[in-house]
Each structure stands twice: as structure tokens, then as C-alpha cells.
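Protein chains: 2
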Amino acid sequence: MSGLDPAVADRLRRNADGLVCAVAQQRGTGEVLMVAWMDDEALHRTLTTRRATYWSRSRQEYWVKGATSGHTQHVHEVRLDCDGDTLLLVVDQVGAACHTGDRTCFDADVLLPAQD
Amino acid sequence: MSGLDPAVADRLRRNADGLVCAVAQQRGTGEVLMVAWMDDEALHRTLTTRRATYWSRSRQEYWVKGATSGHTQHVHEVRLDCDGDTLLLVVDQVGAACHTGDRTCFDADVLLPAQD
Chain R
1 MSGLDPAVAD RLRRNADGLV CAVAQQRGTG EVLMVAWMDD EALHRTLTTR RATYWSRSRQ
61 EYWVKGATSG HTQHVHEVRL DCDGDTLLLV VDQVGAACHT GDRTCFDADV LLPAQD
Chain G
1 MSGLDPAVAD RLRRNADGLV CAVAQQRGTG EVLMVAWMDD EALHRTLTTR RATYWSRSRQ
61 EYWVKGATSG HTQHVHEVRL DCDGDTLLLV VDQVGAACHT GDRTCFDADV LLPAQD
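Heads up: the protein sequence lines correspond to chains R and G, in order. Numbering-wise, the first sequence is residues 1 to 116 according to full-length UniProt numbering. Numbering-wise, the second sequence is residues 1 to 116 according to full-length UniProt numbering.
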């Protein structure tokens, strides 16, 4: 049982694993930093602590972003999308968002280059 | 069988339904417009036509964004994330990205208001 506000929980449309998608965006610059997943409890912790907390699908545990690396995300704002299955977190990212050391998880692999 | 470049297909890490997540972001402003899903063929069509094409999970069909509404997405740039399961599309969105008529799918439901 999660501590998440039932009025919020009622609006979530979770996938088969009980998760919603979460997009983290840097405040101000608008950079899309990373995409991860949350269950109700991860969202509850994120909303109440303003420290981005995800559900790690690979480790099957809660994951406070930056708890190990120091690359924390202070959560400025959280929005839910129109069909309830995706969150947008506006954050202040400390250091690199990506485990590779890149600023964002989208820095390294360009499939289609920008047009002029 | 998709026409997607095998060198790209090899880097995708699809979910159980064969899909990767796709975040659409407005070029210039950085607004996160929406999140949807692509299979290999949807990505192939997106890369080759520069018109954002998704896989509709509800309708189980390809969905050229704006084909009905006129609210198309011209794709400026496509990036794959570090673990291969999420795409970032930098687009020029015509009109509203959200089916509700809102500019983005994240406009209506604020779970945690912005701090000053």
C-alpha cells in the first residue's frame, strides 16, 4: 500500500508492471535528461521529498536518483499527461543525468541528425 | 519485417510488446509535447519521411501524427538513449500536440506546482 494521495492514484494508468513512465527535464534549459519509471510509492516519495525517486526495473528496487553518484534531481514541478500514463518532472539536475557521465541520456546516439 | 537499418535495429531494446518509448519535444522552446510508442517500422517510417509516426497501442495500428487532425510533427532530429529503450524526437509541432486541444499533453494536470 502506497502513501500516494488516492485522488492522484485514481488518475494513474499503470502498465502491466504497475508503472508509469517519467520524463525528467532540466528546468530553464528544457533539456530532456532521461526517462525512467515510477510506481505509486516512487511517485509518492518524489512528491513529498522533491527528490526524484524511481523504480529500477533491472534491480527491482526504489532508486533515489543520485543516492550513489551524487547526481541528484531536485524536483521543481510534476505534471501528469492527458491519459495518465506519463509524468513530466521539471528538475534541477546536479552534474550528469546519465550513468555514462553524459549530461543527458540522449547525448551519444544520434539516429537522425538535425536539419538546418 | 521492418525496413529499419539493421545497425539501428540492433541497438533497440524493445519492451515485451516490441516497442520503444518516444518523447516528442518542440524544437527551440524545448517543450515536452507528448510521449508515445514506436515499433521498428514506425521508427523506420519516421526516419525516412521525417513525419512522426507512432504505433497506437489502443488501435493497434500505425499512426502518422496529425494525419486526421492536421497537427503534424515535422521531425528535425532523432536520438536514442543510453540503454536503447527510449527515443527523443525534436520536432516542429503544428498546432496542438494533445488530442484535448492543449498545446502539450502535460498542460492540464499539475501534481506538484512549481516552486519559486
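Backbone N, C-alpha and C define an ideal beta-carbon position, used for all residues, glycine too.
Between the alpha carbons of residue 106(G) and residue 98(R) lies a gap of roughly 24 angstroms. With respect to the C-alpha of residue 12(R), the residue from 63(R), 33(R), 81(R) having the closest C-alpha is 81(R). The beta carbon of residue 19(R) is closer than 7 angstroms to those of 37, 38, 39, 55 in its chain, skipping five residues each way along the sequence. Contact annotation for residue 9(G) against chain R: no contact, minimum CB-CB distance about 11 angstroms [criterion: below 8 angstroms]. In this structure residue 59(R) is exposed. Its beta-carbon is surrounded by fewer than 16 other beta-carbon atoms within 10 angstroms. The C-alpha of residue 24(R) is placed about 31 angstroms away from the C-alpha of residue 3(G).
Taking a beta-carbon distance threshold of 8 angstroms, residue 13(G) does not count as an interface residue toward chain R. Sequence-distant Cβ neighbours of residue 83(R) in its own chain, meaning closer than 7 angstroms and more than five residues away, are 13.
With contacts defined as CB atoms closer than 8 angstroms, residue 9(G) and residue 89(G) fail to qualify as a contacting pair. Closest in alpha carbon position to residue 42(R), among 109(R), 114(R), 57(R), 29(R), is 57(R).
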